[in-house]
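Student: Numbering follows the numbering used here, in which position 124 of the sequence shown is assigned residue number 124; successive positions increment by one, without gaps. The beta carbon of each residue, even a glycine, is placed where N, CA and C say it ideally should be. The structure displayed is predicted, hence computed values, not measured ones.
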Amino acid sequence: MNGFFSGYINLLKTAMGSGILTFPSIFSTYGVVPAFILTLFSACFSASGLLLYMFCSKKYDRSSSISMLCSENFPKLKFLVDFGIFIKCFGVGTSYLIIIRQLLPNVLQPVFGSNLLTQANSSTAIYLAIIASVCYFRNL
Numbered sequence: 001m002n003g004f005f006s007g008y009i010n011l012l013k014t015a016m017g018s019g020i021l022t023f024p025s026i027f028s029t030y031g032v033v034p035a036f037i038l039t040l041f042s043a044c045f046s047a048s049g050l051l052l053y054m055f056c057s058k059k060y061d062r063s064s065s066i067s068m069l070c071s072e073n074f075p076k077l078k079f080l081v082d083f084g085i086f087i088k089c090f091g092v093g094t095s096y097l098i099i100i101r102q103l104l105p106n107v108l109q110p111v112f113g114s115n116l117l118t119q120a121n122s123s124t125a126i127y128l129a130i131i132a133s134v135c136y137f138r139n140l
């Protein structure tokens, strides 16, 4: 149960990142029934992937990664799996940037007024400079 709970928390953190901000727009765009069906469909895929990863981590070492599991079972597909993980991470990062670009000027305007800092491009560039420098720390 502990492994399932930690997996649940990790999935919840991932979904709450940028998804919680855009989730209401799915309902307003497509309606309640299609959005609910899409949500259930996505939840089933997420849960099955999590269960598959839990079973594989029980069979192999607990610190095993998806890349290591793929190289053990499908060595020729390792590049494809690594590329898929790269695309997923790139998409998550891009979605964060899109949301930050839309929301950050509205947050900064009451503090700084209308100037260069409150324009979308400059505030996003400043945010990227701060986050990029934090990303290079070995231990946070």
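1) Determine contact between the stretch 103-111 and the stretch 120-131, defined as no fewer than three beta-carbon pairs at a distance below 8 Å.
2) Given that a residue counts as buried once 16 or more other Cβ atoms are within 10 Å of its Cβ, and exposed if not, what is Cys-70?
3) In whole angstroms, what separates the C-alpha of Thr-22 from that of Met-54?
4) Assuming contact is defined by CB atoms lying nearer than 8 Å, are Ile-66 and Val-81 in contact in what I supplied?
5) Drop a sphere of 10 angstroms on the beta-carbon of Leu-108, count the other beta-carbons inside from all chains shown, and report buried for 16 or more, exposed for fewer.
6) Let's see if you can read the secondary structure: which residues bound the alpha helix (DSSP H) around Ser-63?
Tutor: The answer reads as follows:
1) yes
2) buried
3) 29 Å
4) yes
5) buried
6) Here Ser-63 belongs to no alpha helix (DSSP H), and DSSP marks it neither H nor E.
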